[in-house]
Every structure is written in C-alpha cells, then in structure tokens.
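These notes are about the structure you will find just below.
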Amino acid sequence: MGLINYNIEKYSPKQLVVIPLVLLVLSLIFIGFNMMSTGMPVTPGLDFSGGTAVTIRTTDTHDELRTVFAGYPLVDISNMNDAKFLKFGTMDDTQSRSLAILVGQKYPDASINQISETFGKSLQYQAFIALIFSFIGMAIVVFLSFRTFVPSVAVVLSAFADIVMTAAAMNFVGITLTLGTTAALLMLIGYSVDSDILLTNRVLKRQGKLQEKLAGAFHTGIVMTSTTFAAITALFIVSWIGSIQILMEISAVLLIGLLFDVINTWLTNAAILKWYVQKGGVR
1 MGLINYNIEK YSPKQLVVIP LVLLVLSLIF IGFNMMSTGM PVTPGLDFSG
51 GTAVTIRTTD THDELRTVFA GYPLVDISNM NDAKFLKFGT MDDTQSRSLA
101 ILVGQKYPDA SINQISETFG KSLQYQAFIA LIFSFIGMAI VVFLSFRTFV
151 PSVAVVLSAF ADIVMTAAAM NFVGITLTLG TTAALLMLIG YSVDSDILLT
201 NRVLKRQGKL QEKLAGAFHT GIVMTSTTFA AITALFIVSW IGSIQILMEI
251 SAVLLIGLLF DVINTWLTNA AILKWYVQKG GVR
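Position one of the sequence shown corresponds to residue 1 (my numbering), numbered consecutively onward.
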C-alpha cells in the first residue's frame with residue numbers, strides 16, 4: 001500500500017500537467033529576466049565572473065566589514081556558520097595586492113581565492129559546453145533505450161524541466177553558478193532520468209492495468225528518491241556545520257532538483273505516458 005496513495009486515474013493528462021507547466025513557464029520567465037540583467041541563465045559566481053573571494057572567521061558585523069573594505073569593490077557578504085564569505089569584483093594588480101596585505105594584517109587566518117575575468121569567461125564557456133553535451137548524451141541514450149518517440153520525449157522533457165526549474169530556483173534563493181553548482185546540475189541530469197526511466201519501463205514493458213503499473217512505479221521511485229534525498233540532506237548539514245561552501249552549494253542544488261524531479265516525473269511524465277497509453281501506444 002505505502003504511506004502515500006498515488007492514484008491519478010480520475011485526472012486527465014491535461015489536468016496533471018497544469019502545475020508543472022505553470023512552474024516551467026514561470027521558471028523560463030525568471031531565467032529570461034536574469035539573462036537580461038547578467039547575460040547568463042543563472043547569476044555567475046566567482047568562478048565564472050572573475051574576482052576575489054575572502055573567507056574569514058570573525059565576529060565583525062556586515063556593516064563593520066563593509067567599513068573595513070570600503071576602498072575595494074566588495075560585492076557581497078554571506079555567512080558560513082561561524083565564518084564570513086566576502087566576494088569582491090575584479091581589481092587591477094595594485095588593488096589586489098593592497099587587499100591581500102590588508103586581509104593578512106587584520107585577519108591572519110583568512111583564505112583568499114582569486115580568479116581573473118578572462119579565466120572565468122573561459123570556464124564559463126567550458127561549463128556551458130559540458131552541460132549541453134551531457135544533456136544531448138542523455139537524450140541519445142534514452143531514445144536508443146526505448147526506441148519509441150513519445151515516451152522518450154517525455155523523459156527528456158521531464159529532465160529539461162528539472163534543470164530549468166532548478167536554475168530558476170537558484171536565482172530565487174541566491175545560489176550562484178560556480179564550478180560546484182555546475183557539477184551539481186550535471187549530476188542532476190543523471191538523477192532526474194532514473195525515476196523517469198523506471199516509470200516508463202513499468203508502463204511500457206509490464207502487463208496489467210495502467211493505474212496499477214503507475215502506482216507500483218511510484219512506490220519504488222519515491223523510495224529511491226527519498227533515500228537519495230536523505231543522504232544529500234546529511235551532506236548539506238555536515239557541510240553547513242563545517243563551513244564547506246562548495247559541498248553546501250552542491251547539496252543545496254541537488255535537493256532543489258530532486259524536489260522538482262518528483263513533480264516532473266509523477267505529474268508531467270506520468271501524464272504524457274497516460275495519454276500515450278490511452279491513444280493506443282501500448283497494447
């Protein structure tokens with residue numbers, strides 16, 4: 001039986017896709033606005049925009065830190081447990097050396113990470129190519145596996161929606177696009193198709209009533225997603241306690257993506273498969 005009753009028999013495919021379709025449209029609009037302001041779907045972080053990051057352990061307030069670094073292009077200050085993470089815009093060599101001296105004098109235990117704007121642009125291009133090729137590779141594998149147009153499109157569309165919604169959510173909560181979050185998006189492409197492939201296999205290759213196959217796939221899939229969600233939540237908590245920013249960002253993106261994956265798999269993909277079966281696509 002399971003703790004959650006998944007029964008979509010009384011809903012038409014059109015009714016099932018309303019919520020994910022609205023979320024997808026809103027996400028695309030949100031991403032569009034972000035592209036107009038930053039030139040990228042997701043606000044670029046230090047890795048891609050260039051600049052200097054300083055991590056310090058201090059009790060100074062944000063206002064006090066802004067006063068200390070008033071002579072430098074301080075872009076953002078964020079809290080990392082008991083530490084502060086400061087982001088500075090691009091600076092010339094003289095200003096960069098001056099900042100390093102100031103940080104070393106006032107905060108001896110601080111760590112400084114600097115990336116040039118040119119190198120950041122190069123990383124940005126490489127990350128974009130990696131995402132495109134990963135998605136294309138996933139789509140090819142899906143089409144070769146099922147060799148049926150509509151179910152394959154349903155899986156690819158669900159994965160696309162996962163990435164788009166996650167990217168919009170990253171903008172909304174203030175998670176920037178870095179090498180770490182790019183890696184998380186790449187992992188999400190793989191995570192997002194797991195439950196979709198499970199659902200599609202159950203519907204296309206097993207005998208029985210459609211609702212029974214959907215419910216069986218849901219109970220198995222939700223257990224898979226829940227165990228992954230629990231493991232990544234543990235990673236997020238540990239990285240937050242230890243102020244490990246890159247792991248915290250990766251786990252946050254994966255958690256957001258998994259939540260959207262539940263919506264897109266069990267509403268969007270299920271709706272398309274239901275329509276396909278009702279039209280006689282499965283005998």
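Yeah, the Cβ is synthetic: ideal placement off N, Cα and C, and Gly gets one too.
Just so it is clear, the structure is predicted and the values come from calculations on it, not from any experiment.
Got a sec: is the Cβ-Cβ distance from residue i to anything in chain C below 8 Å?
{"i": "Ser-116", "result": "No chain C appears in this structure, which consists of one protein chain only."}
So, is residue i buried or exposed, given that buried needs 16 or more other C-beta atoms within 10 angstroms?
{"i": "Met-1", "result": "Reliability fails at Met-1, whose pLDDT of 43 lies under 50, so the model's placement of it is uncertain and no value is given."}
{"i": "Asn-7", "result": "exposed"}
{"i": "Ile-56", "result": "buried"}
{"i": "Lys-10", "result": "exposed"}
{"i": "Leu-144", "result": "exposed"}
{"i": "Ala-234", "result": "exposed"}
{"i": "Pro-108", "result": "exposed"}
{"i": "Val-277", "result": "buried"}
{"i": "Val-22", "result": "exposed"}
{"i": "Phe-218", "result": "buried"}
{"i": "Thr-61", "result": "exposed"}
{"i": "Ile-222", "result": "buried"}
{"i": "Ser-226", "result": "exposed"}
{"i": "Glu-117", "result": "exposed"}
{"i": "Ser-78", "result": "exposed"}
{"i": "Ile-163", "result": "buried"}
{"i": "Leu-26", "result": "exposed"}
{"i": "Gly-257", "result": "buried"}
Quick check: residue i and residue j, are their CB atoms within less than 8 Å of each other?
{"i": "Phe-88", "j": "Val-68", "result": "no"}
{"i": "Gly-180", "j": "Ile-246", "result": "yes"}
{"i": "Met-187", "j": "Leu-254", "result": "yes"}
{"i": "Asp-196", "j": "Ser-158", "result": "yes"}
{"i": "Leu-131", "j": "Thr-200", "result": "no"}
{"i": "Pro-151", "j": "Leu-204", "result": "yes"}
{"i": "Ala-154", "j": "Leu-24", "result": "no"}
{"i": "Leu-86", "j": "Leu-102", "result": "no"}
{"i": "Trp-275", "j": "Pro-13", "result": "yes"}
{"i": "Asn-34", "j": "Pro-44", "result": "no"}
{"i": "Ala-167", "j": "Ile-250", "result": "no"}
{"i": "Val-141", "j": "Val-156", "result": "no"}
The ligand NAP and residue i: does the residue's C-beta get closer than 7 Å to at least one heavy atom of that ligand?
{"i": "Ile-8", "result": "Although the ligand NAP was asked about, the structure shown includes no ligands whatsoever."}
In terms of alpha-carbon separation, which member of the options lies closest to residue i?
{"i": "Met-80", "options": "Glu-64, Ser-243, Thr-166", "result": "Ser-243"}
{"i": "Asp-47", "options": "Trp-275, Thr-90, Leu-65", "result": "Thr-90"}
{"i": "Asp-93", "options": "Val-223, Leu-157, Asn-171, Thr-52", "result": "Thr-52"}
{"i": "Leu-123", "options": "Ala-230, Gly-50, Leu-204, Pro-20", "result": "Gly-50"}
{"i": "Gly-190", "options": "Thr-228, Leu-21, Val-22, Asn-171", "result": "Thr-228"}
{"i": "Thr-268", "options": "Asn-5, Val-18, Ile-4", "result": "Val-18"}
{"i": "Ala-110", "options": "Ile-241, Gly-216, Ser-192, Lys-84", "result": "Lys-84"}
{"i": "Ala-161", "options": "Ala-270, Thr-118, Phe-260, Ile-115", "result": "Phe-260"}
{"i": "Arg-202", "options": "Ile-136, Lys-121, Leu-185, Phe-146", "result": "Phe-146"}
{"i": "Asn-72", "options": "Leu-16, Ala-100, Asn-264", "result": "One detail in the question is off: residue 72 reads as Tyr in this sequence, not Asn. Measuring from the Cα of Tyr-72, the nearest candidate turns out to be Ala-100."}
Identify every residue that forms a DSSP beta bridge with residue i.
{"i": "Met-80", "result": "Ala-83"}
{"i": "Ser-111", "result": "Thr-55"}
{"i": "Leu-177", "result": "Pro-44"}
{"i": "Leu-198", "result": "Answer by DSSP bridge pairing: none, since Leu-198 is not bridged."}
{"i": "Leu-131", "result": "For Leu-131, which the question treats as bridged, DSSP gives no partner whatsoever."}
{"i": "Leu-74", "result": "Phe-88"}
message = Quick test of the definition: if touching needs 3 or more C-beta pairs under 8 Å, does the region 166–177 touch the region 193–212?
response = no
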